[in-house]
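Positions 1 to 159 (the working numbering) are the ones given, in order, by the sequence shown.
Think of the CB as a built atom: it goes at the ideal place given N, C-alpha and C, for glycine as much as any other residue.
See below for the structure under consideration.
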Amino acid sequence: MKINVFKIFTFLFFAFSIAGYSQNVKLMNIDQLNERIKNGKDSTYVVNFWATWCAPCIKELPHFEKLNAEFKSEKLAVLLVSVDFKSKLNSAVIPFVKRKNLKSQVFLLNESDPQKYIDRIDKSWSGSIPATLFIKGDQRKFIESEFTYEQLLTEYKKL
């Protein structure tokens, strides 16, 4: 009987440990994002700007997750940067990330003036989402569009 009780407690411990794990969503401003990219150990960055209320954004998120998983060994960092309001962190963003089981690094953009951060990311950006920034060394490419997986893969491989 002791063995069965031990097995049950062990199973419950691991089950609750896994269920309790959640993706950590951090607040990040543009300076911190630039610093993360500048000082990061990864050689290629794919930075996707999205929001929990944006249907095209939600539709393409699995493509970024797939790219992240398939090219992890190539020193790729997929950064998913939510542009939801900071006040929505606990009520919308974190529950969304948990529900979708996102594995990529997720951040909530901590900026108060959209026009200032939009211009700092890319002067050509109108502010619409989804939008993605590809960075490898000194190469930067900004695309303001929804991706299929094939399109995302093509842009990644062009770097």
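Within 8 angstroms, strictly: CB atoms of residue i and residue j
i    : j    : result
V97  : V25  : yes
S104 : L89  : no
S43  : K136 : yes
P56  : P114 : no
A51  : S82  : yes
F134 : L102 : no
DSSP state of residue i mapped onto helix, strand, coil
i    : result
F64  : helix
V83  : coil
F49  : strand
K41  : coil
N34  : helix
F13  : Unreliable placement is indicated for F13, whose pLDDT of 40 sits below 50; the coordinate value is still reported in the next sentence. Reduced to three states, the DSSP call for F13 is helix.
T148 : coil
F71  : coil
CA nearest to the CA of residue i, picked from the options
i    : options                 : result
T132 : L67, S145 and D138      : S145
K157 : E70, K100 and I37       : E70
I37  : Y149, Q139 and T148     : Q139
K86  : E65, H63, E111 and L102 : E111
V46  : H63, I58 and C54        : H63
D122 : F49, R99 and C54        : F49
L27  : E65, V93 and W53        : V93
L152 : P95, C54, W53 and E65   : E65
Between the CA atoms of residue j and residue i - distance to the nearest angstrom
i    : j    : result
K75  : L67  : 12 angstroms
Y149 : K72  : 16 angstroms
E155 : K116 : 26 angstroms
L33  : G40  : 10 angstroms
Integer Cβ distance of residue i from residue j, believed to fall under 8 angstroms
i   : j   : result
L61 : D84 : The Cβ separation is near 14 angstroms, so there is no contact.
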